[in-house]
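Worksheet: one structure, shown below.
Residue numbers (the UniProt record's numbering): 1 to 220.
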């Protein structure tokens, strides 16, 4: 662009990377049912002052974009109290079972929230939900080769999940809903746009389901 000179660092492939800083202290200031709030004191470098940041210490999460043989994706509607809205989302859940494989956790959430199984799994995208205030890392999978969970084995959904409504939507319609500002759930937005981009080459460049995930809290 005019007026912007490219430096050697920007001419290379852009990629987020670990950046260890000197941690002076860390304490839990709030313990919650699902996540805690941590207060860290640290230095950006040896000759800078002390900074203090409070953030949500989160176990991470997985989300699943189920796609059928017709190219439709499965969305679910669920009430979210902090924003006071019914949101169209994709199946997702916490990685709160210690040692659980990421794909196993994703398959569990898909079965529990949508009564669906999948034979083919790929990674669509990895992202931080709100890196300025939370350590939450989310991995979104594309699930294909779908089947149904047998009636007798289906999860009994309670609380907000008891109101879940499921709907199959053409991917192009979902993309339009994102661009028109009708969808707001971050996993759904990222997953839908990533799937649309991946569809351009027939999904051939997607990572395998077991691709490394160094950004997850357990790997950092």
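Beta carbons: idealized from backbone N, C-alpha and C, even for Gly.
Residues near residue i in its chain [Cβ-Cβ closer than 6 Å; skip 5 each side]
| i | result |
| --- | --- |
| residue 75 | 88, 167 and 169 |
| residue 198 | 206 |
| residue 112 | 155 |
| residue 103 | 121 and 209 |
The beta strand (DSSP E) enclosing residue i, as first and last residue numbers
| i | result |
| --- | --- |
| residue 102 | No beta strand (DSSP E) holds residue 102; the alpha helix (DSSP H) holding it covers 102-114. |
| residue 72 | 72-80 |
| residue 85 | 85-89 |
N- and C-terminal bounds of the alpha helix (DSSP H) containing residue i
| i | result |
| --- | --- |
| residue 187 | 186-199 |
| residue 183 | Here residue 183 belongs to no alpha helix (DSSP H), and DSSP marks it neither H nor E. |
| residue 177 | 171-179 |
Inter-residue spacing [alpha-carbon to alpha-carbon] between residue i and residue j
| i | j | result |
| --- | --- | --- |
| residue 38 | residue 19 | 19 Å |
| residue 129 | residue 45 | 26 Å |
| residue 185 | residue 79 | 11 Å |
| residue 158 | residue 57 | 26 Å |
| residue 164 | residue 23 | 43 Å |
| residue 171 | residue 196 | 7 Å |
| residue 70 | residue 217 | 36 Å |
| residue 131 | residue 137 | 9 Å |
| residue 28 | residue 55 | 10 Å |
Distance cut-off 8 Å: residue i Cβ against heavy atoms of the ligand PLP
| i | result |
| --- | --- |
| residue 197 | Here there are no bound small molecules, and the ligand PLP is not part of this structure. |
Any C-beta of chain B under 9 Å from that of residue i
| i | result |
| --- | --- |
| residue 77 | Annotation note: the requested chain B is absent from the structure, which comprises a single protein chain. |
Beta-bridge pairing of residue i - partner residues as DSSP gives them
| i | result |
| --- | --- |
| residue 41 | 25 and 52 |
| residue 31 | 36 |
| residue 123 | 141 and 207 |
Beta-carbon separation (whole angstroms), residue i vs residue j, contact threshold 8 Å
| i | j | result |
| --- | --- | --- |
| residue 67 | residue 144 | 5 Å |
| residue 59 | residue 96 | 5 Å |
| residue 12 | residue 43 | At roughly 27 Å, the Cβ-Cβ gap does not stay under 8 Å, so residue 12 and residue 43 are not in contact. |
| residue 139 | residue 123 | 6 Å |
| residue 48 | residue 41 | About 12 Å; that fails the 8 Å criterion. |
Nonlocal neighbours in the same chain, by C-beta distance under 8 Å from residue i, ignoring five residues either side
| i | result |
| --- | --- |
| residue 175 | 192, 193 and 196 |
Residues of its chain near residue i, where Cβ-Cβ distance is below 7 Å and the 5 sequence neighbours each way are ignored
| i | result |
| --- | --- |
| residue 115 | 148, 149 and 154 |
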